[in-house]
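Read the structure below first, then the notes.
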Amino acid sequence: MSTASALPRRQPLARAADEFALTVVLLFLAVTVVRWLRDPGSALYIADLDVALAIIGVVSGIILTSLMFSPPGKRAGGHMNPAVTIALWLMNAFPGQSVPPYILAQLAGSAVGTGLARLVWGRAVSFPPVDYAAIRAASTWQPASVFLAEMGSMMVLIVVVGFFLTRPGCARLLPYVIGLSVGLVIAFLGPRSGGSINPARQFGPAALSGRTTDLWIYLVAPVLGAVLGASVDHALNRRFRTRRALVTIPTAFVPDLPQSPSASAAAVQGPFPVRRSVCSPQAISRWRRIVKRSPTSCGTSFIHRIH
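In terms of full-length UniProt numbering, the sequence shown has 19 at position 19, counting the first letter as 1, and numbering is strictly consecutive.
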């Protein structure tokens, strides 16, 4: 096997390792923030749940954006969310061969990150109201309402992601938009549905805390919302002759590319039909010209190279 042909096969596992590390850090920091803000014995304890979740939302948004801009985030795309990974594949913006290893890495990273927080912060993490930072809905919310809220918020988020990915001048702002969006979801839906919109965010904490009764909602609803969001994105963009998969997308969500345009097109082809190869020589040349003419459109330090 030649080096050129072996490289694309190694890339999914290498990038999945980055996703694992990113998710470990994300969950460790998430549990840490909840431990210090919601543990009654903490000097930073905030009794008002709404205020605490608003602060947690701000901090979580900053953490998420920072991880997306980190070196592993630039290499792997910084998904840290199985629903996002599935949505990007459906939107022909992520290679299908990388979907299973990414999802496994994210779920494993969730469990490891939560366990690491327990190891570092001790038993305080396991006691209420911290409970390993496991997300729970308000007692007045029925499971159906929680499901719809989690599904709907993820659907909107994916539509927003699709909007930014189709516009080179806006794409560089995507990590900030994602951080802001997730922060708002936590602040506003946190006291109600739980505000997870991320199966990996709930998987580890629920598994370690034993709060698994409603776990299926937080695993299924975001994925279904991502599928619906990708469908809406496809409907909104079906008139375009080209799509944005694996062509000079900055930092967020799209990992390093395979070696050839033809390999790229085959790797990322999702279930939605496209009229023209997203990585045709013409499409790649067009994006390169756009970036060269508009250096501010996709800051060069955040651009994944096309080989």
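In this text, a Cβ means the ideal position worked out from N, Cα and C, and glycines have one as well.
Rounded C-beta distance between I63 and T85? I'm assuming under 8 Å. That pair is no contact at about 19 Å.
Give the single residue among L22, S42, N198, G194 whose Cα lies nearest to the Cα of S70. Per the Cα distances, L22.
Which whole runs of the alpha helix (DSSP H) in the region 197-221 are 4 residues long or more, in chain order? Scanning the region 197-221 from its first residue to its last, the whole alpha helix (DSSP H) runs of 4-plus residues come out as 199-209.
Given this structure, state the Cα-to-Cα distance separating T140 from L26, to the nearest angstrom. C-alpha separation (whole angstroms): 29 Å.
Around the Cβ of L246, are there at least 16 other Cβ atoms within 10 angstroms (buried) or fewer (exposed)? At L246, the pLDDT of 35 sits below 50, so the modelled position is not reliable; the number obtained from the coordinates is stated separately. Residue environment analysis places L246 among the buried positions, since at least 16 neighbouring C-beta atoms fall within 10 angstroms of its C-beta.
I'd like the list of long-range same chain contacts for V112, defined as Cβ closer than 6 Å, with 5 residues on each side in sequence excluded. V24.
Please identify the residue among R238, F20, M68, L37 whose C-alpha is closest to the C-alpha of G162. Ranking the options by Cα distance to G162, first place goes to R238.
Determine the DSSP secondary structure at G225, reduced to helix, strand or coil. Judged by DSSP in its simplified three-state form, G225 adopts helix.
Need the endpoints of the alpha helix (DSSP H) that T140 sits in, please. T140 -> no alpha helix (DSSP H), and no H or E assigned at all.
Mind checking residue 309: buried by the 16 CB within 10 Å criterion, or exposed? There is simply no residue 309 to check, as the chain begins at 1 and stops at 307 in what is shown.
With the cut-off set at 7 Å, would you say I217 and V160 are in Cβ contact? In terms of Cβ geometry, I217 and V160 do not form a close pair [threshold 7 Å].
As a quick exercise: from L116, P82, W89, pick the residue whose alpha carbon is nearest that of R201. The shortest Cα separation from R201 among L116, P82, W89 belongs to P82.
Rounded to whole angstroms, what's the CA-CA distance from A16 to G115? Just pull it up for me. One C-alpha to the other measures close to 20 Å.
Do you know how far the Cα of A206 is from the Cα of R38? The straight-line gap from Cα to Cα measures roughly 17 Å.
Cβ atoms of A134 and S209: under 7 Å apart, would you say? Judged by beta-carbon spacing, A134 lies within the 7 Å limit of S209, meaning their Cβ atoms are closer than that value.
Burial state of Y45, where buried means 16 or more other Cβ atoms lie within 10 Å: Classification of Y45: exposed, given that the 10 Å Cβ count is below 16.
Candidates L49, V31, L13: closest to G138 by CA position: Rather than Gly, the amino acid found at residue 138 in this sequence is Ala. Among L49, V31, L13, the Cα nearest to that of A138 is on L49.
Buried or exposed: which applies to R136, given that a residue is buried once 16 or more other Cβ atoms fall within 10 Å of its Cβ? Classification of R136: buried, given that the 10 Å Cβ count is 16 or more.
Span separating the alpha-carbon of A263 from that of G96: Because A263 carries a pLDDT of 44, less than 50, the predicted location of this residue cannot be relied on, and no value is offered for it.
For a test of your reading of the model: does the CB of I103 fall under 6 Å from any non-hydrogen atom of the ligand ADP? Yes or no. Among the components modelled here there is no ligand, and therefore nothing to report on the ligand ADP.
Taking Cβ positions, are P222 and E150 nearer each other than 7 Å? For P222 and E150, yes; Cβs fall inside 7 Å.
Checking 7 Å against the spacing of the C-beta atoms, do L180 and P199 come in under that value? Note that the C-beta distance between L180 and P199 is not below 7 Å.
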